[in-house]
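Trainee: Below you will find the structure I want to go over with you.
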Amino acid sequence: MDSSGGGGRSYYHRGGGRRGGRGRGRGGGGGRGRGAYRHQPYGRGNNNSNNNRNRRPGNRFGGDQVAAQDPETAMIRQVSSFVSRVGEFKNIREETIITPDGDETITTAISLRPLEATTAANINDLVTVLCSEDKMEMLFRYHIIEDSPELKTDSESSMSVFPIAPEAKVGKLGHVLISCAAGLPLQTPCYAALTLAIHERIKATPWPGFAHRCVEYAMHHISKDLDDALSSGKNIAQEACRIKLLLRFIAILGKIGVVQGFQNEQAMNPNQLTVFGLLSLLVEAAKAAQQRNAATVSYLLATLVLSTIPYIMEYVPQESIVEWILKPIQTLMGEYKSSFTPGTGPSAILLKAEQDDGDGNNDDEEEDEDEEDDDTSSQVCDSLQDLLRVVGKMQEPSRFRLPVDSPWKGLTQVATPNPESGETETTLVTYTGESIYLSVGNFRSLKLLLGGEGDFQLVPFDLDGVVFGRLPIFGPPPSPDEEEEEETEDSLPPNENLQAFKTGFGLVDRFFVSETLRDCLISHESSVNPTGLQHGSPKSVAEEVMSLHHLFVGENSAKGLEYAMVETIFGLVAQSREQCALKHTTVSRILLELTRLQPQVFSPSLAVAMTNLFEDYLPALVPQARDNFSQWFSFHLINTDYQWPSAYWNLWEPYALSPNKSSRGDFVQRALQLMVENVSDPSVLVRECLSGSSSLTKEFFPRTTATHVDHAEGSALASLETEIERRVWDEHEDPGLLSEFLLGEEVANALQDGGGIWLRSQILTRVLVSPFIKIHRNLKDMLDNTEKNDDDMVDDMALSKDFFSSILKTIAKYGKTMKDVLHKESEMHGNISQGGALCLRHVEAVAFFNSSMLRGIVACFVRHSVFDAVAVAQWTLGDILDSGSSYVVPLWWVFILDALRLVSLHAKGASWMVMDGAAAENDVLVARNELLKYVITRACTLLSLSNEKKLNAMQVDLLEGTKMVTCRAVAVSKPQEGLASSLADLCTGFGGSLAVELLKNSLLQL
1 MDSSGGGGRS YYHRGGGRRG GRGRGRGGGG GRGRGAYRHQ PYGRGNNNSN NNRNRRPGNR
61 FGGDQVAAQD PETAMIRQVS SFVSRVGEFK NIREETIITP DGDETITTAI SLRPLEATTA
121 ANINDLVTVL CSEDKMEMLF RYHIIEDSPE LKTDSESSMS VFPIAPEAKV GKLGHVLISC
181 AAGLPLQTPC YAALTLAIHE RIKATPWPGF AHRCVEYAMH HISKDLDDAL SSGKNIAQEA
241 CRIKLLLRFI AILGKIGVVQ GFQNEQAMNP NQLTVFGLLS LLVEAAKAAQ QRNAATVSYL
301 LATLVLSTIP YIMEYVPQES IVEWILKPIQ TLMGEYKSSF TPGTGPSAIL LKAEQDDGDG
361 NNDDEEEDED EEDDDTSSQV CDSLQDLLRV VGKMQEPSRF RLPVDSPWKG LTQVATPNPE
421 SGETETTLVT YTGESIYLSV GNFRSLKLLL GGEGDFQLVP FDLDGVVFGR LPIFGPPPSP
481 DEEEEEETED SLPPNENLQA FKTGFGLVDR FFVSETLRDC LISHESSVNP TGLQHGSPKS
541 VAEEVMSLHH LFVGENSAKG LEYAMVETIF GLVAQSREQC ALKHTTVSRI LLELTRLQPQ
601 VFSPSLAVAM TNLFEDYLPA LVPQARDNFS QWFSFHLINT DYQWPSAYWN LWEPYALSPN
661 KSSRGDFVQR ALQLMVENVS DPSVLVRECL SGSSSLTKEF FPRTTATHVD HAEGSALASL
721 ETEIERRVWD EHEDPGLLSE FLLGEEVANA LQDGGGIWLR SQILTRVLVS PFIKIHRNLK
781 DMLDNTEKND DDMVDDMALS KDFFSSILKT IAKYGKTMKD VLHKESEMHG NISQGGALCL
841 RHVEAVAFFN SSMLRGIVAC FVRHSVFDAV AVAQWTLGDI LDSGSSYVVP LWWVFILDAL
901 RLVSLHAKGA SWMVMDGAAA ENDVLVARNE LLKYVITRAC TLLSLSNEKK LNAMQVDLLE
961 GTKMVTCRAV AVSKPQEGLA SSLADLCTGF GGSLAVELLK NSLLQL
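Those letters in the sequence shown? Residues 1 to 1006, per full-length UniProt numbering, in order.
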């Protein structure tokens, strides 16, 4: 049985599953292509071309539709497919290839890598097809701008009415080529070579200058994406990735000679720049942005420049790179504060120090050693710092070949040196024109930064999707002076692939793998168009990522590569947020598909990664990162039929069952609870996932101190709750009538001897969420039957009914009633937020067993303005009726972030109204400041309860949760000068607590 589909032997046993290999696809067995390259996707005999014969429609019922299709549109679609696939890493020969292969008419033979030679052969075939006479006018026709004075006025007047689209100035094929170059990270050298081949092939036709038009069009796209990113602050990750790829494309054209790459005397003429001059100009723009206090603009430009340097090192002297680029950027980075700085950065993955897990171990000596080891490496917290470090070491040997691959060296063309004799010979393709210069005259953002011209406005944004945090879960890269460590555990068989990764992948190689993988994920992200059609899939992205091994050279070049990929993806899992560029679901699905494609390769690496994570990293991770791993792990197990070694569960069991809160225990408990939430029958987890650790079923539901209130049978409160429940769930009474009943004298008289406050609100809240009691009971019955090996049937009707949807609709229906009751009781009992917090405590008591449902219900109450954000904060932070409790709701910050988001959306909806827009924004600002003041003050109060050297689990939750809430609150509303310092001042007066001081320092970095 094929284990890649979830069946068969476990992923984590030798011999299990189908061996993952190269996809052979169509034509994998050979074919009838000519010459040495038999796999020609663009040959004239290809099924797609059909030799211009009339084709019968594949579906005889759709014949009219096929016949009515526009031939030109169909051809362009086919050409787009050809161009997008020309650089695919398929059907690559493994032996060394000398190009041209055995052709005696070529006097110079050039040695190429198998990938380069295969790519060159594919380009040669494709160019022959694209440059055939019947296609040339359609593919290469472009709009020619007349410069003659007599036509200038007419041209200007017509352009004002019918502006010329940029793609019309380059032609259809040029548009397709540049689009592919901007969206396919692994094929950049291929598209530079394709540009050269087409340029030389059509230089004697009516449409010469193809490469020049492509360069101008690429510069247009760089200008548009950069201006859009800096003026809107949206889609930064996607636009930055496209800019980066096009800069590399232009840099490679500098190698070929199409673009002037370097001149000894660098003149900063914005309309006559070399490739190196363009990068130097961007560095100047980065320096100007920093002077304007636009730090993120500065670091974005620095990232784009640094990522291009590996592609210009062949033709730019090292001393020029250091003097004009590296030194200025290093000066810029002197003021850089990474958002991933452990403990204080707003996006930190790691804590400043491990939390106290209550295991009683004295780790002081180990911590001192770790601090000494990390004196230098700990400063490299993110990919920007890593990139700067790597660029400075580019002279060191690297097996990664993407920046130096040269497929254009294998391009050939047929020449006729003697037309009279008719003799022909095959020659290598080289650029025969003059190198062109680059122009940034249309860059509105650069005009503003460098000259202060124009009305362009910079918008604040963060660097999510541009700068990523680092999580070296398999350890640091080997040092050149480091001796190979001796194996200390002789009883364990050596992991050859892990050892190959640790010793064979140095600093430069690891960085390039991570950067290229992230570029692939951003460029190939799945999307759904307005018609509901999905573009791309996690499987196709995984297949693209799997081809990374072709970019390495050397013996067994791919050995250990899976560990580099897993380390990168684990880092992305750890730092994922709901609003981030690479979402948690996307990354998790891609890692799942990688495991399915090659289970024998990726499953062992995942097992090692999980071992390192559990033993070494969990106490050092921020709570959100730890929860991200719990979510990934539960998702992965569900989608791999729970194939995970039982030894792990046996090892984790004591942590999960311990009464003390710890990072490792929280991770296991949360993973189990998420699996329960995402299966219809939790008993399957007992049978198939935890067969050897059945005691873990005790942790299937979260722990909570909230208890469900059961009134004495026959009491006035019990009778009132029963009556309200009948009106709401049986009779579906009109909300107005229910309000009259609840606020009437009959209920008031019944509550006189109730002995409590906010009684109406509490009872109505319990009634609205009462179906949760039945859901919980059904789940417990399933588990009880499993433990007893009882085959009694559970209530199927109860399982099939969508109680959650019914509860949401009921809250929406009776939301106004709930608000009326709360406001009425607030007249007697004071602060309405306190009443809301008390009601939410009752919601937790009945819905605690499913965190997703609990979160949805709380959000529903906030969406309908029943409870405000402060009420949510008071509930989650245990501040209910002066109880003095230090209990904190698990993942408390998530509920507050939801409330903030809903309040912000409400304000944006009101802003469309001219009269109420400004007032709504002001209300949000006031509400935000009130919420932040409460959250920070309450967190400091709870943090100061303990002042040990190491933070305990609750303190870590409070510290990191407060940081997340504050960062998000600042992001959803207009910037306010001096906000960071005013928030930090709230942390004074708490007795010098270490935890409070850490929070204060974090707030100052906002």
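Yeah, the Cβ is synthetic: ideal placement off N, Cα and C, and Gly gets one too.
Cα-Cα, which of Glu960, Ala995, Ser1002 is closest to alanine 980?
Mentor: Nearest C-alpha to alanine 980: Ser1002.
Trainee: Quick check: what's the CA-CA separation for histidine 221 versus proline 460?
Mentor: C-alpha separation (whole angstroms): 22 Å.
Trainee: Would valine 283 and glycine 261 qualify as a contact pair, given that the criterion is a beta-carbon distance under 7 Å?
Mentor: no
Trainee: At a cut of 8 Å, does the segment 535 to 543 reach the segment 507 to 519 through at least three beta carbon pairs?
Mentor: no
Trainee: Decide if lysine 1000 is buried, meaning its Cβ has at least 16 other Cβ atoms within 10 Å, or exposed.
Mentor: Lysine 1000 counts as buried, since at least 16 other C-beta atoms from the protein chains shown sit within 10 angstroms of its C-beta.
Trainee: Compute the Euclidean distance between the alpha carbons of alanine 620 and lysine 950, then round it to the nearest angstrom.
Mentor: 11 Å
Trainee: Just to confirm before moving on: does the CB-CB distance between glycine 358 and serine 662 stay below 7 Å?
Mentor: yes
Trainee: With glycine 836 as the anchor, note down where its alpha helix (DSSP H) starts and where it stops.
Mentor: 832 to 847
Trainee: Can you give the Cα-Cα distance for glutamine 413 and threonine 128, rounded to whole angstroms?
Mentor: 10 Å
Trainee: Is phenylalanine 400 helix, strand or coil by DSSP?
Mentor: strand
Trainee: Using the beta-carbon count (16 or more within 10 Å), is alanine 812 buried or exposed?
Mentor: exposed
Trainee: Whose C-alpha, out of Gly254, Ala168, Ser634, is nearest the C-alpha of leucine 273?
Mentor: For the residues Gly254, Ala168, Ser634, the minimum Cα distance to leucine 273 belongs to Gly254.
Trainee: What would DSSP say about histidine 535, mapped onto helix, strand or coil?
Mentor: strand
Trainee: Can the beta-carbon of histidine 524 be found less than 7 Å from the beta-carbon of glycine 536?
Mentor: Taking C-beta atoms as the reference points, histidine 524 and glycine 536 count as a pair closer than 7 Å.
Trainee: DSSP three-state label for leucine 438, please.
Mentor: strand
Trainee: Nearest to proline 699 by alpha carbon, out of Asn678, Leu674, Val679, Asp781?
Mentor: The amino acid occupying residue 699 in the given sequence is glutamate; proline does not appear at that position. For glutamate 699, the nearest C-alpha among the options comes from Leu674.
Trainee: So alanine 289 packs on valine 466, CB below 8 Å; how close in whole Å?
Mentor: Incorrect: roughly 14 Å between the Cβ atoms, too far for contact.
Trainee: Whole angstroms are fine: how far does the CA of cysteine 689 sit from the CA of alanine 647?
Mentor: 12 Å
Trainee: Considering only residues of the same chain and omitting the five flanking positions on each side of arginine 444, which have a CB-CB separation below 7 Å?
Mentor: Asp227, Gly454, Phe456
Trainee: Which residue comes first and which comes last in the alpha helix (DSSP H) that contains glutamine 624?
Mentor: Per DSSP, the continuous alpha helix (DSSP H) segment holding glutamine 624 begins and ends at 623 to 638.
Trainee: Considering only the beta carbon of each residue, do isoleucine 569 and leucine 597 sit closer than 7 Å?
Mentor: no
Trainee: With DSSP run on the structure shown, which of helix, strand or coil describes phenylalanine 552?
Mentor: strand
Trainee: May I ask which residues mark the beginning and end of the alpha helix (DSSP H) holding aspartate 509?
Mentor: It spans 507 to 523 - the alpha helix (DSSP H) in which aspartate 509 sits, taken as one unbroken run.
Trainee: Tell me whether threonine 303 sits in a helix, a strand or coil according to DSSP, three-state version.
Mentor: helix
Trainee: With 16 other CB atoms within 10 Å as the buried threshold, where does threonine 303 fall?
Mentor: Counting every other CB atom within 10 Å of its CB across the protein chains shown gives threonine 303 a total of 16 or more, marking it as buried.
Trainee: Report the rounded CA-to-CA distance for serine 993 versus asparagine 947, giving the unit in angstroms.
Mentor: 5 Å
Trainee: Among Pro317, Ser547, Thr432, which residue has its Cα nearest to the Cα of methionine 394?
Mentor: Pro317
Trainee: How would you call asparagine 831, buried or exposed, if buried means at least 16 neighbouring beta carbons within 10 angstroms?
Mentor: exposed
Trainee: Can you tell me which of Trp652, Arg664, Ala607 puts its alpha carbon nearest to the alpha carbon of proline 623?
Mentor: Arg664
Trainee: Per DSSP, asparagine 952 forms a beta bridge with which residues?
Mentor: Looking at the DSSP output, asparagine 952 sits in a beta bridge with Asp356.
Trainee: Determine the direct distance from the alpha carbon of glycine 209 to that of threonine 341, and round the result to whole angstroms.
Mentor: 49 Å
Trainee: Indicate whether valine 858 and threonine 876 have their beta-carbon atoms separated by less than 7 Å.
Mentor: It is not a contact, given that the beta carbons lie outside the stated cut-off.
Trainee: If you compare alpha carbons, which of Arg901, Arg938, Leu764 is closest to valine 970?
Mentor: That would be Arg901, whose Cα lies nearest to the Cα of valine 970.
Trainee: Measure the C-alpha to C-alpha separation of alanine 984 and leucine 943 and round it to an integer number of angstroms.
Mentor: One C-alpha to the other measures close to 15 Å.
Trainee: Under three-state DSSP, which class holds glycine 856?
Mentor: Helix.
Trainee: In whole angstroms, what is the alpha-carbon distance linking glycine 835 and glutamine 955?
Mentor: 26 Å
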